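Sequence positions in the sequence shown follow the working numbering and run 19 to 183.
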Amino acid sequence: MGVQLGTPLNISIMALRGLFSGKKVLVTERGLKKNTRYTVKVENLITGTSSVTTKRTKGGKITAGLKIDAKGVVKSTITSPSGETKTQVSVVTADIDCCIAKLVHDAINCTCKCDQCKEDLKLAEKIFLLLQSATYDATLGNTTGATDKYLKAKEFCTERCACGC
């Protein structure tokens, strides 16, 4: 009783998420040194693009919005003036979500007597599960696994989806 049975996998309190259909990233971090200027860098691991800004903390918290194509696997790094870094990886699925929605919509509204409707639903499920797995890899810091699974989901989407994925 009262004994901790292991440690959590992810203790980070940094938040990283895509906004505006993947055109902007919001990075939030708490527990930082008060009134200190930090460097915030965001990299899209799919496209290779990056964006950097510097922000001063307010009450030990920093919030930075950066304009960057955030669709895919995104890595943010916050660097203190002394060189200490905190990193987090996230998966922004805005471009693939439309494909999943279209496949599900087509499967639900299907009136044919063939197995095509079931195939659309199975493909949507496969893409969704790949994205969930990529997100899990990202929380573990496994950027290679997250990137590979995201690209595979996008490949399935591009093969079948007519919504511009």
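Beta carbons are placed, not taken as given, at the ideal position from N, Cα and C, and that holds for glycine. Predicted model only: the values in this text are computed from it and were never measured.
State the DSSP-derived secondary structure class of L50, mapped to helix, strand or coil.
Residue mapping note: residue 50 aligns to position 32 of the sequence shown, counting from 1. Here L50 sits in coil by DSSP.
To the nearest angstrom, how far is the alpha carbon of Y154 from that of T162?
Locating residue 154 in the sequence shown gives position 136, where the first residue counts as 1. Locating residue 162 in the sequence shown gives position 144, where the first residue counts as 1. Between Y154 and T162, the C-alpha separation is close to 12 Å.
Check whether the segment 106-118 touches the segment 143-160, taking contact to mean three or more Cβ pairs, one atom from each stretch, closer than 8 Å.
Taking 8 Å as the limit for Cβ pairs, the verdict is that the segment 143-160 does touch the segment 106-118.
Whole angstroms are fine: how far does the CA of K167 sit from the CA of A152?
On the sequence shown, position 134 is the one that residue 152 refers to. On the sequence shown, position 149 is the one that residue 167 refers to. Taking the straight line joining both Cα atoms gives about 5 Å.
When you compare the CB positions of D138 and L121, do they come within less than 7 Å of one another, or not?
Translated into the one-based positions of the sequence shown, residue 138 becomes position 120. Translated into the one-based positions of the sequence shown, residue 121 becomes position 103. For D138 and L121, yes; Cβs fall inside 7 Å.
Return the first residue and the last residue of the alpha helix (DSSP H) that E102 is part of.
Sequence index remark: in the sequence shown, residue 102 carries index 84 (1-based). That residue, E102, is in no alpha helix (DSSP H); it is neither H nor E in DSSP.
Could you please give me the residues that DSSP links to I96 through a beta bridge?
To locate residue 96, count along the sequence shown from 1; it is residue 78. Note: I96 sits in a beta bridge opposite V58, K104.
Using only alpha-carbon positions, find the residue among D124, A164, N160, V92 that is nearest to G66.
Translated into the one-based positions of the sequence shown, residue 66 becomes position 48. Checked all of D124, A164, N160, V92; the closest Cα to G66 is V92.
For a quick check, are the C-beta atoms of R48 and K79 less than 7 Å apart?
Residue mapping note: residue 48 aligns to position 30 of the sequence shown, counting from 1. Residue mapping note: residue 79 aligns to position 61 of the sequence shown, counting from 1. It is a contact, given that the beta carbons lie within the stated cut-off.
Beta carbon of A164, beta carbon of A156: below 7 Å?
Locating residue 164 in the sequence shown gives position 146, where the first residue counts as 1. Locating residue 156 in the sequence shown gives position 138, where the first residue counts as 1. In this structure, A156 lies closer than 7 Å to A164 by Cβ.
Which residues mark the beginning and the end of the alpha helix (DSSP H) in which T153 is found?
Residue 153 sits at position 135 when you count from the first residue of the sequence shown. Unbroken alpha helix (DSSP H) run through T153: 134-157.
Per DSSP, I80 is paired with what?
As a first step, residue 80 must be located in the sequence shown, where it is residue number 62. DSSP, once it has assigned bridges, lists E47 as partnering I80.
Do G83 and K42 have their beta-carbon atoms positioned less than 7 Å apart in this structure?
Working through the sequence shown from its first residue, we reach residue 42 at position 24. Working through the sequence shown from its first residue, we reach residue 83 at position 65. Against a cut-off of 7 Å, the Cβ pair of G83 and K42 comes out as a contact.
Can you have a look at E102 and say buried or exposed, based on whether 16 or more other CB atoms are within 10 angstroms of its CB?
Numbered from its first residue, the sequence shown carries residue 102 at position 84. Label assigned to E102: exposed.
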